[in-house]
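Chains as they are written, first to last, in the numbering used here: chain A, 1319 to 1566; chain B, 4 to 563.
Step one of this worksheet: look at the structure below.
In structure tokens, the structure reads:
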């Protein structure tokens, strides 16, 4: 029964190939609110299932299954060009790391905070995807390059969100990752670090084909100032709340 | 006093914020705001070091009350904060006019402020988490500063190379922090270092914590300081604006030396890692210098020159001369910053006055034309060349520290100093001069002044950075080898230098030690070196293979 519960949790804290369900589901919905809600809520169900199972995961197959899934999706992320898909695969890779955290015997509240910390960047990416789709019809990297020149506010938002997606300081993802690493054994830590490196590589590839480069593609309107401030407010709130949570 | 330490990283952050918010209203005047904040930051750093030296209170630490977020005031942080804020201020002032015609003027100053803040946070950090945040932020800021011209594809490409190498270097640092935290259960430096020194043999997961952490920190330092084979990014970073090149070559690339000094309590208990530092540093210094000499692109050549200097810096830590590495990085920083920042003026001068100076020094150094054969007797030259530099070096070091010669690391450094002195004299004695004896005396006097000055300043600086004599001794001791190995290596090195000199002498006479027997091998070696040992190409192939694999898997799995 417990193993069945953990397998069921494998759909929510995605374990390959069960992870394909999560990615398929995110691809099915076009509404950004539904997609963002799915990213925020889906892994919390997984955490509840893991906690209900109540099985110690130290050294279990689920720990390594989660790690391999995380690294596998991070590797696949390198060649994804559609921003919505990118957000889904990043979320898959990040949520799979929860198994390591669970194996370290983290408290329930910490596990919920862990997945929430990793969900912030993909959820924001869904919002950015919508902004790009409304302007360009699609949110592919390479469709419009050199955004930094003519649409600086949108380019700035993409940059900040992608930096958060790469779990760089001082985004919530960075502290969540550190929390995971500081409590784990060296072998899982090495795989988690490789995953982290691949996120950085994938993120800079996206930046290269959107924000940087010679200006190409059609001219589009920049982000309105109030909306830019709203996004800035959400990001700052996420950072501040996370800093308070991590105990600065 | 420690409260003021917070201002050092926070003032540039405030400056960046103000520059961003006021750019619309102030236009290009935001640069003056940024420079003004830079002046205040420098003054605070200056005040801190002066008070630290005069108060004689010793290191102090202050946290903001949580698990992390703290600053540390010790000789290393006080020195480096002053150096970094000083370099940053010079670069700020230089950029006001230099960047005036460039797009993204305000963004540049904002990034420059954020980069300064990151480095200052790195040097003043008082705990592992704060240090990791700063260590990562340096990578991020470097990426955006190098990609300042957002429309330049090469600029972005090389910024990406740098970022990825830095990220490769960030991760061992994280792992080292994990090991130190798990072994000693402390995040703040004073507690961590106390526990580390009290129980250096502590094991974590069956591994010796100090040695493993030191090894990982060394790898991290290799990436940040362009050590072989993680050096490929450095020669290609010249596509960024000149002020960024200056800041990078004068400051950021030195991060490796600083982090090794910060974790000296781990390295003093990791003799094997110190030997690794020496080998990697030596290899980098040799390869960097060889690549510098074979490049036909002057910018790449400068990049490889920095790589060679970074090799020397890491090598110095490998022989236990930790403070000398800091002294070296400051001196090299001043030298390189001057070179980069004056390059525009030099190019401008050359365009206005294309005539070359007609003096013997230019003819000798640039045209490589020696003057008339010297009238000094050959034997006298030989004796002066070999004996005098050694005598000056020995006397100067003996004067500042009589027990200096008990340290193997000091012998190695003396050996390098001696070889350098000999080469300087050998290279310059053929310089055309009306009075060769006077010229030789002047050269010797200059050499003596440099050595004496360097010895006194170096020794004073060492006492300041590491006031505990036992700790200084322990560092040299940890870097030592057994007598037979050490003597063998010195003899081997001496023979290599001798063969090099003979080869160089014969080459100047268009002769060779081996005739034409190894011409093909020499040409192969030359082509290998001129293609920078194909290391960048190897990385490119590897990354292409990873990308192709990723794409194939995604197509096969329908992107789910």
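The beta carbon of each residue, even a glycine, is placed where N, CA and C say it ideally should be.
| Asked | Found |
| --- | --- |
| Within its chain, find whatever has a CB closer than 6 Å to the CB of residue 285(B); leave out the 5 residues flanking it on each side and keep chain order. | 318 |
| List in chain order: all unbroken alpha helix (DSSP H) runs of 4+ residues lying wholly within the segment 229–278 of chain B. | 245–253, 258–265 and 267–270 |
| Whole angstroms are fine: how far does the CA of residue 413(B) sit from the CA of residue 487(B)? | 17 Å |
| Chain B partners of residue 1341(A), CB-CB under 7 Å? | 563 |
| Distance, Cα to Cα, residue 1467(A) vs residue 105(B)? | 12 Å |
| Quick check on the DSSP output: what are the complete alpha helix (DSSP H) runs of length 4 or more inside the segment 1436–1472 of chain A, in order along the chain? | 1465–1468 |
| Indicate the three-state DSSP secondary structure (helix, strand or coil) for residue 469(B) in the structure shown. | coil |
| In terms of residues, what are the limits of the beta strand (DSSP E) holding residue 625(B)? | With chain B covering only 4 through 563, there is no way to say anything about residue 625(B). |
| With a threshold of 9 Å between beta carbons, is residue 208(B) in contact with chain A? | yes |
| Of all the CB atoms in chain A, is at least one closer than 9 Å to the CB of residue 33(B)? | no |
| Considering residue 1534(A), what are the terminal residues of the beta strand (DSSP E) in which it resides? | Counting along the chain, residue 1534(A) falls outside any beta strand (DSSP E), and DSSP gives it neither H nor E. |
| Looking at the secondary structure, which residues open and close the alpha helix (DSSP H) in which residue 1563(A) lies? | 1543–1564 |
| Where DSSP assigns a beta bridge to residue 210(B), which residues make up the other side? | 207(B) |
| Can residue 1397(A) and residue 553(B) be called in contact, C-beta distance under 9 Å? | yes |
| Please name the residue, chosen from 272(B), 66(B), 244(B) and 255(B), that lies closest to residue 204(B) on a Cα-to-Cα basis. | 272(B) |
| Does the beta-carbon distance from residue 234(B) to residue 182(B) come in below 9 Å? | no |
| Please tell me whether residue 247(B) has its Cβ less than 9 Å away from any Cβ of chain A. | no |
| Counting only beta-carbon atoms, is residue 441(B) nearer than 9 Å to chain A? | no |
| Just to confirm before moving on: does the CB-CB distance between residue 166(B) and residue 145(B) stay below 9 Å? | yes |
| CA-CA distance, residue 453(B) and residue 424(B)? | 11 Å |
| With a threshold of 7 Å on Cβ separation, who are the neighbours of residue 135(B) within its own chain once the five nearest residues in sequence on each side are excluded? | 176, 177 and 180 |
| Give me whichever residues DSSP pairs with residue 1412(A) in a beta bridge. | DSSP, once it has assigned bridges, lists no residue as partnering residue 1412(A). |
| Tell me which residue opens and which closes the alpha helix (DSSP H) that residue 1391(A) is part of. | 1379–1395 |
| Just reading off the alpha helix (DSSP H) that residue 72(B) is part of, what are its end residues? | First-last for residue 72(B): undefined, no H or E at that position. |
| Mark residue 1536(A) as exposed unless 16 or more other C-beta atoms lie within 10 angstroms of its C-beta, in which case mark it buried. | exposed |
| The ligand FMN and residue 344(B): does the residue's C-beta get closer than 8 Å to at least one heavy atom of that ligand? | The ligand FMN is not among the ligands present in this structure, which contains no ligands whatsoever. |
| In this structure, how does DSSP classify residue 523(B) when only helix, strand and coil are distinguished? | helix |
| So, does the segment 330–345 of chain B touch the segment 253–262 of chain B, judging by three or more C-beta pairs under 8 Å? | yes |
| Quick one, are the C-beta atoms of residue 199(B) and residue 128(B) less than 9 Å apart? | no |
| When burial is assigned at 16 or more other CB atoms within 10 Å of the CB, is residue 557(B) buried or exposed? | buried |
| On the CB-based measure, 16 or more other CB atoms within 10 Å of its CB, does residue 83(B) come out buried or exposed? | buried |
| Under 8 Å: do the segment 1379–1388 of chain A and the segment 1449–1458 of chain A share three or more Cβ pairs, one atom per stretch? | no |
| Closer than 7 Å, Cβ to Cβ, to anything on chain A: give me those residues from the segment 185–219 of chain B, in chain order. | 208 |
| Residues of chain A with a CB under 8 Å from the CB of residue 420(B): which are they? | Ordered by position in chain A, no residue passes the 8 Å Cβ test against residue 420(B), which lies about 40 Å from the chain. |
| Suppose you measure from the CA of residue 187(B) to the CA of residue 101(B); what does that come to, to the nearest Å? | 49 Å |
| Using the beta-carbon of each residue, which ones in chain B are nearer than 7 Å to residue 1447(A)? | Here the premise fails: no neighbours, minimum Cβ distance about 15 Å. |
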